[in-house]
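Asker: Got a structure for you, written out below as structure tokens; questions coming shortly.
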Amino acid sequence: MLATDASRKIPLEAAKMEELRQRTLAGQHVLPGTVIQDALPAKQVAVDPNAQAKTSWIPAQSSRHFIAGGLGGMCGAVVTAPFDVVKTRLQSNMFKHAAASSVSRPTNVFYHFIETGHILREIFRNEGVPALFRGLGPTLVGVIPARSINFFTYGNGKQIIAQQFNDGKESAAVHLSAAALAGIATGSCTNPIWVVKTRMQLSAAQSQPFNSALACITHIFRHEGIRGFYKGLSASYLGVSEGVIQWTLYEQLKRLAKRGEGGPLEWVGMLGAAGSAKMIASLITYPHEVIRTRLRQPTVNGVVKYTGLYQTLRLVIAEEGARALYGGLSAHLLRVIPNAAVMYSIYEAALRWGN
Numbered sequence: 142m143l144a145t146d147a148s149r150k151i152p153l154e155a156a157k158m159e160e161l162r163q164r165t166l167a168g169q170h171v172l173p174g175t176v177i178q179d180a181l182p183a184k185q186v187a188v189d190p191n192a193q194a195k196t197s198w199i200p201a202q203s204s205r206h207f208i209a210g211g212l213g214g215m216c217g218a219v220v221t222a223p224f225d226v227v228k229t230r231l232q233s234n235m236f237k238h239a240a241a242s243s244v245s246r247p248t249n250v251f252y253h254f255i256e257t258g259h260i261l262r263e264i265f266r267n268e269g270v271p272a273l274f275r276g277l278g279p280t281l282v283g284v285i286p287a288r289s290i291n292f293f294t295y296g297n298g299k300q301i302i303a304q305q306f307n308d309g310k311e312s313a314a315v316h317l318s319a320a321a322l323a324g325i326a327t328g329s330c331t332n333p334i335w336v337v338k339t340r341m342q343l344s345a346a347q348s349q350p351f352n353s354a355l356a357c358i359t360h361i362f363r364h365e366g367i368r369g370f371y372k373g374l375s376a377s378y379l380g381v382s383e384g385v386i387q388w389t390l391y392e393q394l395k396r397l398a399k400r401g402e403g404g405p406l407e408w409v410g411m412l413g414a415a416g417s418a419k420m421i422a423s424l425i426t427y428p429h430e431v432i433r434t435r436l437r438q439p440t441v442n443g444v445v446k447y448t449g450l451y452q453t454l455r456l457v458i459a460e461e462g463a464r465a466l467y468g469g470l471s472a473h474l475l476r477v478i479p480n481a482a483v484m485y486s487i488y489e490a491a492l493r494w495g496n
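Here it is as structure tokens:
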């Protein structure tokens, strides 16, 4: 009799164990203290490592892009600050007379690069070394959040867009969409900072140059109100196309660079990819830089000369010719190409170091 009861309990206990095991694998609640022995062979359950990423809109470790972008932008801005001062002055019409009278104007293609070097020398002689870095404070205040926002939005945006709309795969369309979002977000958030930076770099042409960014901010607010800080925003949105071209080209060129064996050659390829992408994007979209600078420059004798995107474009062409839309291009290229190489290399290095 006892043997019969014991024999009946064995399959009963086995059935309970199997039921508990199946409920556990199915994610059902099991009372604490319940011990499930591996008496029966358990079925292997495949775990998708990307399951959490697919169910969440925010990618894992998204803050890395924010930090890496800000660090790269800061280093690039410091290294190339003097060229930024020259570029801003050449884009504006407030220094046209001084630039024209300071050096003869040959027609060869290398003239603009010679002009850039000459202006750097004149600024150094007449205004001193600090003038070569004028506006660097507002530039850094703008560059760090701007690059942080741009790289954060792009780096995470392309992951989200790929996961939600392209089966987790990156493509040129994904890169283009993410770059457009990054450009709009960056321009909207940082336009006031760039207005202050531009005004400070052009203040040397005024009778009373600004001694600090705070003085410049106070002046703009008193005379132009809040709207004064958003001058040139329409041109900034037009410049989103530059970021779209740059990011899309960079991703494609970087992919080619990664086909190598890695090591120093891969980094050289990535530096070349960053510089080449920026150069091509700048050559295609540069006129918006000139228009944006004109819209941000201060009033002359209380008169606002440039009032809108289309009005500025027509006025510049009518008064100075279409070539004026490429004023300061040489200084711009001398600044942005090494700037992009430094910025993207530090960004990529920071991302890899974070892994």
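Residue numbers (our numbering): 142 to 496.
We put the CB at the ideal spot given by N, CA and C, even for glycine.
Whether or not the stretch 419-426 and the stretch 352-371 are in contact is what I'm after, with contact meaning three or more pairs of Cβ atoms, one per stretch, closer than 8 Å; do they touch?
Answerer: Short answer: they don't touch.
Asker: Starting from the N-terminal side, write out each stretch of the alpha helix (DSSP H) that is 4 residues or longer and does not extend beyond the stretch 456-493.
Answerer: Those alpha helix (DSSP H) runs which fall completely within the stretch 456-493 and span 4+ residues do not exist here.
Asker: Helix, strand or coil for residue 385 per DSSP?
Answerer: Here residue 385 sits in helix by DSSP.
Asker: Give me the residue from 368, 436, 443 and 277 with the minimum Cα distance to residue 352.
Answerer: The option with the nearest alpha carbon to residue 352 is 277.
Asker: Going by CA-CA distance only, name the one from 260, 227 and 291 that's closest to residue 342.
Answerer: Ranking 260, 227 and 291 by Cα distance to residue 342 puts 227 first.
Asker: When you compare only the Cα positions, how much space is there between residue 262 and residue 304?
Answerer: Each residue's Cα considered, the two are about 52 Å apart.
Asker: My guess is that residue 323 and residue 291 are in contact by the Cβ rule of under 8 Å, so how many angstroms apart are they, rounded?
Answerer: Indeed, because the Cβ distance is near 5 Å, the residues count as touching under 8 Å.
Asker: Since residue 448 is in the alpha helix (DSSP H), which residue starts that stretch and which ends it?
Answerer: Element bounds for residue 448: n/a, residue is neither H nor E.
Asker: Is the beta carbon of residue 468 sitting closer than 7 Å to the one on residue 441?
Answerer: Taking 7 Å as the Cβ cut-off, residue 468 and residue 441 do not qualify as a contacting pair.
Asker: Alpha carbons only, please: which of 428, 397, 380 and 412 is nearest the one belonging to residue 463?
Answerer: Cα-wise, what sits closest to residue 463 is 428.
Asker: Which runs of the alpha helix (DSSP H) spanning at least 4 residues fall entirely within the stretch 318-399, listed in chain order?
Answerer: Listed in chain order, the complete alpha helix (DSSP H) runs (minimum 4 residues) inside the stretch 318-399 are 354-365, 374-379 and 381-398.
Asker: Which whole-angstrom value describes the C-beta separation of residue 274 and residue 222, a residue pair presumed to lie in contact below a C-beta threshold of 8 Å?
Answerer: Confirmed, about 5 Å.
Asker: I'd like the list of long-range same chain contacts for residue 279, defined as Cβ closer than 7 Å, with 5 residues on each side in sequence excluded.
Answerer: Contacts found: 334, 337, 338, 341 and 354.
Asker: Starting from residue 435, follow the alpha helix (DSSP H) in both directions and report where the run begins and ends.
Answerer: That run of the alpha helix (DSSP H) goes 428-437.
Asker: Rounded to whole angstroms, what is the Cα-Cα separation between residue 382 and residue 314?
Answerer: Taking the straight line joining both Cα atoms gives about 14 Å.
Asker: Could you give the residue range of the alpha helix (DSSP H) that holds residue 217?
Answerer: Looking at the DSSP string, the run of the alpha helix (DSSP H) that includes residue 217 is 204-220.
Asker: Give me the Cα-Cα distance between residue 270 and residue 307, rounded to the nearest whole angstrom.
Answerer: Each residue's alpha carbon lies about 51 Å from the other.
Asker: Looking only at its chain, what residues have a beta carbon closer than 6 Å to the beta carbon of residue 369, apart from the 5 residues adjacent to it on each side?
Answerer: Taken in chain order, the residues that qualify are 361.
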